[in-house]
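Residue numbers (the UniProt record's numbering): 1 to 289. For every residue, glycine included, the Cβ atom is placed at its ideal position computed from N, Cα and C.
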């Protein structure tokens, strides 16, 4: 049997991972000179964190370094347990590169180790969707080779849609210009974003009101549900649960049997989106382009 590993950016409940014996490595955040670990809620209250970013606090984030990945992987390698790390998009963080370097270092010491690294090219609940897919595959008896092949063939079919309520955090994170952030705030522009095939955040369109942006997220997810209306859907939010419910209800109005879960966005991603980000994730029939 192989061990499924992931990271805190999958935004799945800790209990969900523990129930399937999936281990997650934690990303790091600094808030007002205080170092925090995104350990999926074990050591912090996510709603307290949302209050801080809603008040305008600008946290900083640090990628997981090579040494941390080495220590995370090594116990399984020593035990001769094959591992598959299903990680946060390399297009959004250098942590994926650290994981690959750690693998190369481990293979120098343990040349027979079976270490697979999967860049999900996804974030938040999108990464979570793919971790859940890996869990289902493992439980169905799929071999590690079969699991990796499934990811090669299907991960780009994951559709990932985001909107934010505060453009200043996208500016702070280098996603948009100061001018765009200022003008968009004045005009009450709400962006619709996705993750492109390289795993990077991409502006798709703009709307003039918050509610329109939320309904557009729901509409995009509904397009994917036409081919598989019973697939699991994940909605995530950085604190605006009422907005997440608007998206959920709009989807259920068209697909009443849809399986929808709403989860909080973790501290790392929320540090770059600000309070009020809402995202929705589903598997589409065609790869995103």
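Next item on the list: Would you mind stating whether residue 124 and residue 250 have Cβ atoms separated by less than 9 Å?
Entry: Here the question's residue 124 lines up with position 124 in the chain shown. Here the question's residue 250 lines up with position 250 in the chain shown. Not closer than 9 Å, so no.
Next item on the list: Count the CB pairs spanning the stretch 235-247 and the stretch 200-208 that are closer than 8 Å, and state whether there are at least three.
Entry: no
Check: Hey, how far is the Cα of residue 155 from the Cα of residue 47?
Finding: In the chain shown, residue 155 corresponds to position 155, counting from 1. In the chain shown, residue 47 corresponds to position 47, counting from 1. If I take the Cα positions, the gap works out to 31 Å.
Next item on the list: Starting from the C-beta of residue 20, find all residues in its chain whose C-beta is less than 7 Å away, skip the five residues before and the five after it, and write them out in chain order.
Entry: Reading the chain shown from its first residue, position 20 is the one you call residue 20. Here the set comprises 135.
Checklist line | Cβ neighbours of residue 99 in the same chain (closer than 7 Å, five flanking residues each side left out) | finding: To locate residue 99, count along the chain shown from 1; it is residue 99. Hits under 7 Å: 69, 85, 87 and 117.
Notebook entry, point to check: By a C-beta neighbour count over all protein chains shown, 10 Å radius and 16 as the cutoff for buried, is residue 42 buried or exposed?
Noted result: Taking the first residue of the chain shown as 1, we reach residue 42 at position 42. Flag for residue 42 reads exposed.
Item checked: residue 24, enclosing beta strand (DSSP E) - first and last residue -> Walking along the chain shown from the start, residue 24 turns up at place 24. Run containing residue 24: 23-25, per the beta strand (DSSP E) assignment.
Next item on the list: Specify the secondary structure class of residue 164 as computed by DSSP and reduced to three states.
Entry: The sequence position of residue 164 within the chain shown is 164, counting from 1. If DSSP states are grouped into helix, strand and coil, residue 164 belongs with coil.
Next item on the list: For residue 280, decide whether its Cβ has a neighbour in chain C, counting only Cβ atoms nearer than 9 Å.
Entry: Note that chain C does not occur in the displayed structure, where there is just one protein chain.
Margin query: Do residue 10 and residue 163 have their beta-carbon atoms positioned less than 9 Å apart in this structure?
Written below: Within the chain shown, the letter at position 163 stands for residue 163. Within the chain shown, the letter at position 10 stands for residue 10. No, these two residues do not count as a Cβ contact at 9 Å.
Item checked: Beta-carbon separation (whole angstroms), residue 158 vs residue 281, contact threshold 8 Å -> For this step, residue 158 is matched to residue 158 along the chain shown. For this step, residue 281 is matched to residue 281 along the chain shown. Residue 158 to residue 281, Cβ: 7 Å. Contact.
Checklist line | Terminal residues of the beta strand (DSSP E) in which residue 190 lies | finding: Position 190 of the chain shown holds residue 190. Here the beta strand (DSSP E) through residue 190 covers 190-195.
Check: Under a Cβ-count criterion, where at least 16 other Cβ atoms within 10 Å of its own Cβ denotes burial, should residue 310 be classed as buried or exposed?
Finding: The requested residue 310 does not occur in the structure, where the chain is confined to residues 1 to 289.
Check: Hey, residue 189 and residue 22 are a contact pair by Cβ (cut 8 Å); roughly how many whole angstroms apart?
Finding: Taking the first residue of the chain shown as 1, we reach residue 189 at position 189. Taking the first residue of the chain shown as 1, we reach residue 22 at position 22. Actually they are not in contact, since the Cβ atoms of residue 189 and residue 22 sit about 39 Å apart, beyond 8 Å.
Next item on the list: Look up residue 101 in the DSSP assignment and say whether it is helix, strand or coil.
Entry: Looking up residue 101 in the chain shown gives position 101. Residue 101: helix per DSSP, three-state reduction.
Item checked: residue 288 to residue 161 span [Cα, whole Å] -> Locating residue 288 in the chain shown gives position 288, where the first residue counts as 1. Locating residue 161 in the chain shown gives position 161, where the first residue counts as 1. Using only the alpha carbons, I get a separation of about 11 Å.
Next item on the list: Note the first and the last residue of the continuous alpha helix (DSSP H) segment covering residue 296.
Entry: Here the chain has residues from 1 to 289 only, and residue 296 is not among them.
Checklist line | Sequence-distant residues of its chain with Cβ nearer than 6 Å to residue 115 (five each side left out) | finding: Counting from one through the chain shown, the residue named residue 115 turns up at place 115. So the qualifying residues of the chain are 83 and 103.
Note to self: Would residue 53 and residue 238 qualify as a contact pair, given that the criterion is a beta-carbon distance under 9 Å?
What the structure shows: Start at 1 with the first residue of the chain shown, and residue 53 comes out as number 53. Start at 1 with the first residue of the chain shown, and residue 238 comes out as number 238. Yes, these two residues count as a Cβ contact at 9 Å.
Notebook entry, point to check: Should residue 263 go down as buried or exposed, given a rule of 16 or more other Cβ atoms within 10 Å for buried?
Noted result: Mapped onto the chain shown, residue 263 falls at position 263. Result: buried.
Notebook entry, point to check: If you compare alpha carbons, which of 141, 257 and 57 is closest to residue 232?
Noted result: Locating residue 232 in the chain shown gives position 232, counting from the first residue. It is 257 whose Cα lies nearest to the Cα of residue 232.
Note to self: Measuring straight from C-alpha to C-alpha, what distance separates residue 89 and residue 197?
What the structure shows: Residue 89 sits at position 89 when you count from the first residue of the chain shown. Residue 197 sits at position 197 when you count from the first residue of the chain shown. Whole-angstrom Cα-Cα distance: 10 Å.
Margin query: Quick check on residue 95: does DSSP put it in helix, strand or coil?
Written below: Here the question's residue 95 lines up with position 95 in the chain shown. Residue 95 falls in the helix class under three-state DSSP.
Note to self: In the DSSP output, which residue or residues are listed as bridge partners for residue 4?
What the structure shows: Taking the first residue of the chain shown as 1, we reach residue 4 at position 4. According to DSSP, residue 4 bridges with 84.
Check: For the stretch 28-67, which segments carrying the beta strand (DSSP E) assignment without a break, of at least 3 residues, lie completely within its bounds, in sequence order?
Finding: 34-38 and 60-62
Check: Once you ignore the five residues that flank residue 72 on each side, which residues in its own chain have a CB closer than 6 Å to its CB?
Finding: Start at 1 with the first residue of the chain shown, and residue 72 comes out as number 72. 25.
Check: From 122, 29, 140 and 105, pick the residue whose C-alpha is nearest to that of residue 74; which is it?
Finding: Within the chain shown, numbered from 1, the residue matching residue 74 stands at position 74. Per the Cα distances, 105.
Notebook entry, point to check: Does DSSP classify residue 228 as helix, strand or coil?
Noted result: As a first step, residue 228 must be located in the chain shown, where it is residue number 228. Coil at residue 228, not helix or strand.
Checklist line | Classification of residue 5 by the beta-carbon crowding that lies within 10 angstroms, buried from 16 upward | finding: For the purposes of this step, residue 5 is identified with residue 5 of the chain shown, where counting begins at 1. With 16 or more Cβ atoms within 10 Å of its Cβ, residue 5 is classed as buried.
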